[in-house]
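**Student:** Residue numbers (our numbering): 1 to 184.
Beta carbons: idealized from backbone N, C-alpha and C, even for Gly.
This structure is a prediction, so every number in the text was calculated from the model and none was measured.
Shown below is the structure under consideration.
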Ligand SMILES: CC(C)(COP(=O)(O)OP(=O)(O)OC[C@H]1O[C@@H](n2cnc3c(N)ncnc32)[C@H](O)[C@@H]1OP(=O)(O)O)[C@@H](O)C(=O)NCCC(=O)NCCS
């Protein structure tokens, strides 16, 4: 994929998405390394500043990841990140991910951001399918993906060994035709 253009914006009712920049680094690291995010992610090690800058250089700048900052339409307050990774051009699909800062939860922002990223996937990138991996105890994320229209495709028992415990993983997917049907 080509990288997202610097001025590209995706507008919703309460929020808009803009491409992540290097200037967002400290804020994004604070969100990503917060306990509430880490305990719901597969990758648990703290993300360092160098690690994040490498991610921007090697993934985002090369178009291997499309990452957006979720911002308030009125105040411009940044709330979190939503992104696409693991682009599979042969099969025309990608994987989505999302995390918000601690104070920005449970007011529908995640759901709106997820619906904007799906609009981007299907209308702009013309992907065929979008997938997501969710740890089975992450009630907020399970609900968010179901509300956005994803279908549960698999339940993988004891799929991961994280922090001394086996954890179940739920695989979600949404295909273009189901997305269009649900929207009309
Ligand atoms: C997952 C996440 C993005 C959801 O964002 P959000 O803005 O808080 O979610 P919303 O307010 O849009 O709520 C979505 C649904 O989840 C429910 N929900 C939200 N938080 C919840 C919680 N802690 N427990 C149970 N349900 C929850 C909401 O009630 C809503 O369902 P409803 O409309 O049926 O009531 C956010 O909680 C987050 O950043 N979590 C940490 C990182 C993470 O888990 N990322 C996903 C990894 S797969």
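(1) Tell me the residue span of the beta strand (DSSP E) that contains residue 51.
(2) Check whether the stretch 62-69 touches the stretch 31-45, taking contact to mean three or more Cβ pairs, one atom from each stretch, closer than 8 Å.
(3) To the nearest angstrom, report how far apart residue 83 and residue 17 are at their CA atoms.
(4) Between the Cα of residue 108 and the Cα atoms of 72, 164, 166 and 1, which residue gives the shortest distance?
(5) By the three-class DSSP mapping on this structure, what secondary structure does residue 117 have?
(6) Rounded C-beta distance between residue 95 and residue 131? I'm assuming under 8 Å.
(7) Classify residue 122 as helix, strand or coil using the three-state DSSP reduction.
(8) Could you work out which residue in 180, 7, 24 and 166 is closest to residue 122 when comparing CA atoms only?
(9) Quick one: grab the DSSP three-state call for residue 109.
(10) Mind checking residue 172: buried by the 16 CB within 10 Å criterion, or exposed?
**Tutor:** Working from what's here:
(1) Position 51 of the chain shown, counted from the start, is the residue given in the question as residue 51. No beta strand (DSSP E) holds residue 51; the alpha helix (DSSP H) holding it covers 49-55.
(2) Contact between the stretch 62-69 and the stretch 31-45 is absent, because fewer than three Cβ pairs lie under 8 Å.
(3) Here residue 83 refers to the residue found at position 83 when the chain shown is read from its first residue. Here residue 17 refers to the residue found at position 17 when the chain shown is read from its first residue. Roughly 10 Å between the two C-alpha positions.
(4) Translated into the one-based positions of the chain shown, residue 108 becomes position 108. Selected option, being the one with the closest Cα: 72.
(5) By 1-based counting over the chain shown, the position of residue 117 is 117. Helix at residue 117.
(6) Translated into the one-based positions of the chain shown, residue 95 becomes position 95. Translated into the one-based positions of the chain shown, residue 131 becomes position 131. The pair is a contact, with the Cβ atoms about 5 Å apart (cut-off 8 Å).
(7) In the chain shown, counting from the first residue as 1, residue 122 sits at position 122. It is helical.
(8) In the chain shown, counting from the first residue as 1, residue 122 sits at position 122. Per the Cα distances, 180.
(9) Walking along the chain shown from the start, residue 109 turns up at place 109. Residue 109 falls in the helix class under three-state DSSP.
(10) Your numbering for residue 172 matches position 172 in the chain shown. Residue 172 should be labelled buried.
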